[in-house]
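Residue numbers (my numbering): -4 to 333.
The beta carbon of each residue, even a glycine, is placed where N, CA and C say it ideally should be.
None of these values were measured; they are calculated from a predicted model.
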Ligand SMILES: NC(=O)c1ccc[n+]([C@@H]2O[C@H](COP(=O)([O-])OP(=O)(O)OC[C@H]3O[C@@H](n4cnc5c(N)ncnc54)[C@H](OP(=O)(O)O)[C@@H]3O)[C@@H](O)[C@H]2O)c1
């Protein structure tokens, strides 16, 4: 058994993590043993390794926040799960590893015939995309929204969910080579960030009012988003990929009544009712397992290759997510993992 462990945090995320061997006790009466199938490396995981994230586990810790696993052993009191069942891993449980024991009551079963790579990414980014579209501005079919980092995983889910809800999207990316992929996912307009963004958006949308701006970049990208919005609009910042403070001209706040606010999924998990969370995941699981909601995958790595995997995930201009897929899952799932 292998796990990707870090004992310190530091500015170079792949320098602080390493694959180490470990052993597990048999599962207790209310636990199951899981073989991990897939677990992505998200920007928040990289920030956790550098010490910049809003929630930092005690050290030593195992990297990884979400993923899917297969039940391979049952504690004697577990009745509602079966050997072979695929489940969503508990959030924040250190998921870059080959095996774990987990309390059975906290595990959500998933369709066993769905793509495990896609299932492994469903806990964080799809609910974020869904909530960004519903929690801040009341939108109706035909309304436009604008977002930057549109070729990110969250951006792709926003584009797909917006299209499914009859909304239109202006998608902003930072490089020309990302445009086609965004349009293929159903984006209505995709533009490269830069000068004259306001005029280019107005031309592409026939001057339609845009009342929601979704910002994962911050820095001056926030001010360019603000320049495209109608009076009384909201910008929701949910990521800081530029590492810069959000910059919005004071006069946009004053004369155009622009509101700048933030979103953190961890806060939603703390405050949303069980029913809201169950409804959210019911819809997301249905859409992801049926292939209606997807994210691109750039590469998969074994747990033993965690340093290369983290280095790849922390780099820009990727073709999609980097996912940790243990060797045993790759061998068992040749068709799915390629
Ligand atoms: N607040 C929350 O609750 C929450 C939840 C989920 C995700 N997030 C945040 O959402 C953001 C996107 O996450 P993800 O998993 O969808 O990301 P991802 O798939 O890894 O994509 C990263 C995106 O950031 C862009 N990017 C990278 N460095 C950049 C820079 N210096 N300036 C501008 N853009 C840059 C990339 O563009 P290129 O392809 O051109 O490099 C790509 O579009 C992250 O900041 C993440 O932390 C927040």
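Residue pairing by DSSP places residue 254 opposite 229 in a beta bridge. If you check the CB distance, residue 99 and residue 25 come in under 7 angstroms.
Residue pairing of residue 142 in beta bridges, as defined by DSSP: 166, 209. Using a Cβ-Cβ distance cut-off of 8 angstroms, the segment 209 to 228 and the segment 144 to 152 are in contact, since at least three pairs of beta carbons, one from each stretch, lie closer than that value. Look at residue 286: its beta carbon is at least 6 angstroms from all of the heavy atoms in ligand 1. The beta carbon of residue 212 sits closer than 6 angstroms to at least one heavy atom of ligand 1. Burial state of residue 164 is buried, judged by a 10 Å Cβ sphere holding 16 or more other Cβ atoms. Straight across, the Cα-Cα distance linking residue 248 with residue 230 is about 11 angstroms. The closest CA to that of residue 135, considering only 16, 160, 301, is found on 160. Here DSSP, grouped into helix, strand and coil, assigns residue 89 to coil. In the structure shown, the three-state DSSP call for residue 111 is helix. With fewer than 16 other Cβ atoms from the protein chains shown falling within 10 Å of its own Cβ, residue 78 counts as exposed.
Note on residue 75: under 16 other CB atoms within 10 angstroms of its CB, so exposed under the neighbour-count rule. The closest heavy atom of ligand 1 lies 6 angstroms or more from the beta carbon of residue 18. In the three-state reduction of the DSSP assignment, residue 215 falls in the helix class, which pools H, G and I.
In the DSSP assignment, residue 135 is bridged to no other residue.
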